[in-house]
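Sequences listed follow chains W and U, in order.
Under our numbering, the first residue of the first sequence is numbered 597, with each subsequent residue one higher.
Under our numbering, the first residue of the second sequence is numbered 597, with each subsequent residue one higher.
Here a beta-carbon is modelled for each residue, glycine too, at the ideal position from N, C-alpha and C.
Given the structure is predicted, the values throughout are model-derived calculations rather than measurements.
Everything below concerns the one structure shown next.
Protein chains: 2
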Amino acid sequence: MRTTPPRERADAARNRAAVLDAAATLFREHGVEGVSMETVAAAAGVGKGTLFRRFGDKAGLATALLDTQERALQEAILFGPAPLGPGPAEASPSARERLHAFLEAYLDYLLGHLDLVRISETAAPGARYRIGAYRFWHRHVTLLLAGRPDPVADAHALLATLAAEHVRAVLDDIGADRLRAATLRLAAALTT
Amino acid sequence: MRTTPPRERADAARNRAAVLDAAATLFREHGVEGVSMETVAAAAGVGKGTLFRRFGDKAGLATALLDTQERALQEAILFGPAPLGPGPAEASPSARERLHAFLEAYLDYLLGHLDLVRISETAAPGARYRIGAYRFWHRHVTLLLAGRPDPVADAHALLATLAAEHVRAVLDDIGADRLRAATLRLAAALTT
DNA sequence: CAGAGAAGTGGACTACAGTCCGGTTATGCC
DNA sequence: GGCATAACCGGACTGTAGTCCACTTCTCTG
């Protein structure tokens, strides 16, 4: 046990909740792109400085909004039932099955919040690769590709396919079903 | 023969050259990110309006600067010697060889101008997928993947790996050699 | 409860992308 | 050469991301 890490001040907590609330509403109503940070701040009854201090930038705000769902997915991967999670020791799924399950689950998540994820990945240059989430997915996929010549590199390649910016654009061309199929096919090719 | 398409006015041509010159120099000296459009305009002795009218946005300016090299690569693919190009009819390379050659050549091009390509792809949202170049690469790869279940979708997936933003980030993690190897391995897996 | 200092606040400020439009100039035609 | 007109020019203007810092508020300690 160590001394409690400095607790968040009450006013700060209140403001954070207000901002997340306001942002969620505004984004739903006008689309993520159609809402400026200033508008969010005003709607939350908070100064611009406060907003940026808390969330860093628009990507950070989007990330915060996704936090809950993202965590749920990560939990499911780490501790949940097979094939997404490791499952009970006596009946653990193959790496291939788990990879498949991960891609399906991630695509569900991504397609369900495409605009928000896209902002969280692109609002700041290189944002996608700096946030913890990417590292998590990358690590997971890397482990599932163990045995291949270069799992780390292959995991990056596979994840490139899941970049929100890419998915958004490709969706217009081939639609969700073919995108899904192609992603799974690619994973299959990598785990042969 | 049709009536000559309205020729570019002399002053416009002069200004365009001045802008490209100034931009090339400034970008070399201060990096692409470190130069504002206003600075480019000033250095070229041109108004901001002119700059934007001509090139649309920063992505457009970057694209224009890359134009020559990009065209060269496209020419080589369409008409050049094998294995990058189709080569003479009697000794045409396999699709697999051509794909391999394309990826090598594209990576050379990309790594040689990473910052510029990155701006051209990301300065405007979705820019990468709107410009003609992406369509060209996609079409080429699609043709080389003929016979697979869904060449169009697979080509998108393979090209995702070559997005400048992705490459820029991954480079820091695994370096150019492993990136190259992984890309080729992926292509191999797709043409088995 | 009082005082100190850390944490938080908000709005003025800067910098940059991109738009707009009244004025200018090249060009093709007579 | 002179004129009509379409193309072009440039800089003032707008909207937004993100920074800065003098001031306020909370929390902890004695």
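Notebook entry, point to check: Can you name the start and end residues of the alpha helix (DSSP H) that Val763(W) belongs to?
Noted result: Locating residue 763(W) in the first sequence gives position 167, counting from the first residue. Ala760 to Leu786 is the span of the alpha helix (DSSP H), which, as asked, contains Val763(W).
Note to self: Closer than 8 Å between beta carbons: that is the criterion. Which residues of the segment 708–730 of chain W meet it against chain U?
What the structure shows: Those residues of the segment 708–730 of chain W that come within reach of chain U (Cβ to Cβ, closer than 8 Å) are Thr718, Pro721, Gly722, Arg724 and Tyr725.
Check: So what's Gly652(W) in DSSP terms, helix, strand or just coil?
Finding: Here residue 652(W) is taken as the residue at index 56 of the first sequence, counted from 1. When secondary structure is reduced to three states using DSSP, Gly652(W) falls in the coil class, being assigned neither helix nor strand.
Notebook entry, point to check: Whole-angstrom Cβ separation of Leu622(U) and Ala639(U), contact assumed at under 8 Å?
Noted result: For the purposes of this step, residue 622(U) is taken as residue 26 along the second sequence, with counting starting at 1. For the purposes of this step, residue 639(U) is taken as residue 43 along the second sequence, with counting starting at 1. The pair is a contact, with the Cβ atoms about 6 Å apart (cut-off 8 Å).
Next item on the list: Excluding the 5 residues preceding and the 5 following Glu693(W) in the sequence, name in chain order all residues of the same chain whose CB lies nearer than 7 Å to its CB.
Entry: Here residue 693(W) corresponds to residue number 97 of the first sequence, with the count starting at 1. Taking C-beta separations shorter than 7 Å and ignoring five residues to either side along the sequence, the partners of Glu693(W) in its chain run Pro679, following chain order.
Next item on the list: Could you list the residues in the segment 685–696 of chain U with a C-beta less than 8 Å from some C-beta on chain W, going in chain order?
Entry: Cβ contacts with chain W come from no residue of the segment 685–696 of chain U.
Check: Whose Cβ in chain U lies nearer than 9 Å to the Cβ of Ala749(W)?
Finding: Start at 1 with the first residue of the first sequence, and residue 749(W) comes out as number 153. Taking a Cβ-Cβ threshold of 9 Å, the residues of chain U close to Ala749(W) are Val766, Asp769, Ile770, Arg774, Leu775, Ala777, Ala778, Thr779 and Arg781, in chain order.
Note to self: For Asp663(U), would you say it is in contact with chain W, using Cβ-to-Cβ distances shorter than 8 Å as the test?
What the structure shows: Working through the second sequence from its first residue, we reach residue 663(U) at position 67. At least 8 Å separates the CB of Asp663(U) from every CB of chain W.
Check: Excluding sequence positions up to five away, which residues of its chain have a Cβ less than 8 Å from the Cβ of Leu706(U)?
Finding: The count along the second sequence starts at 1 and reaches residue 706(U) at position 110. Only Val713, Leu758, Ala760 and Val763 meet the Cβ criterion.
Next item on the list: Name, please, each residue of chain U whose Cβ falls closer than 7 Å to the Cβ of His762(W).
Entry: Here residue 762(W) corresponds to residue number 166 of the first sequence, with the count starting at 1. Taking a Cβ-Cβ threshold of 7 Å, the residues of chain U close to His762(W) are Ala756 and Ala759, in chain order.
Margin query: So the candidates are Phe651(W), Lys644(W) and Glu625(W); which of them puts its Cα closest to the Cα of Ala720(W)?
Written below: Here residue 720(W) is taken as the residue at index 124 of the first sequence, counted from 1. Of the listed residues, the one whose Cα sits closest to Ala720(W) is Phe651(W).
Check: Which class does Ser716(U) belong to by DSSP, given the choice of helix, strand or coil?
Finding: The residue given as residue 716(U) occupies position 120 in the second sequence. Residue state, collapsed to three classes: helix.
Item checked: Own chain residues within Cβ distance below 6 Å of Ala723(W), not counting five before or after -> The residue you call residue 723(W) lines up with position 127 of the first sequence. Ala655 and Glu717, listed in sequence order.
Note to self: Since Ala777(U) and Ala785(W) should fall inside the 8 Å C-beta cutoff, what is the C-beta to C-beta distance between them, to a whole number of angstroms?
What the structure shows: Numbered from 1 along the second sequence, position 181 holds the residue referred to as residue 777(U). Numbered from 1 along the first sequence, position 189 holds the residue referred to as residue 785(W). Not really, about 16 Å apart at Cβ, beyond 8 Å.
Margin query: Tell me the residue span of the alpha helix (DSSP H) that contains Arg724(U).
Written below: Translated into the one-based positions of the second sequence, residue 724(U) becomes position 128. Run containing Arg724(U): Ala723 to Arg726, per the alpha helix (DSSP H) assignment.
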